[in-house]
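Student: When you line the sequence shown up against this note's numbering, it's residues 182 to 239, in that order. Quick reminder that beta carbons are idealized off the backbone N, C-alpha and C, glycines included.
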Amino acid sequence: MKSLTLHLRGAVVSTLILTVMCCGLYPLVVWGIGQAVFPRQANGSLIIGGDGTLRGSA
Numbered sequence: 182m183k184s185l186t187l188h189l190r191g192a193v194v195s196t197l198i199l200t201v202m203c204c205g206l207y208p209l210v211v212w213g214i215g216q217a218v219f220p221r222q223a224n225g226s227l228i229i230g231g232d233g234t235l236r237g238s239a
């Protein structure tokens with residue numbers, strides 16, 4: 182029974198670590214690189230109407 186508990190604990194810890202890495206750290210790193218390398222393009226471009234008002238973003 183001790184072996185099962187150790188394997189289960191390892192699996193849960195691995196799952197939590199990989200979840201944080203893949204769902205948290207990786208997107209933040211990619212976003213940061215995009216902001217640093219392409220600061221204007223990363224945020225899209227603003228669409229301005231004929232009267233000068235902001236209509237949206239592309």
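1. Taking only the alpha-carbon atoms, compute the straight-line gap between residue 226 and residue 211 and give it to the nearest angstrom.
2. On the three-state DSSP scale, how would you describe residue 184?
3. Measuring straight from C-alpha to C-alpha, what distance separates residue 198 and residue 183?
4. Taking the beta strand (DSSP E) that residue 235 falls in, what are its first and last residues?
Tutor: For this structure:
1. Here residue 226 is taken as the residue at index 45 of the sequence shown, counted from 1. Here residue 211 is taken as the residue at index 30 of the sequence shown, counted from 1. Each residue's CA atom was taken as its position, placing residue 226 and residue 211 some 19 Å apart.
2. The residue given as residue 184 occupies position 3 in the sequence shown. It is helical.
3. Looking up residue 198 in the sequence shown gives position 17. Looking up residue 183 in the sequence shown gives position 2. Each residue's alpha carbon lies about 23 Å from the other.
4. Position 54 of the sequence shown holds residue 235. Where residue 235 is concerned, the enclosing beta strand (DSSP E) stretches over 235 to 238.
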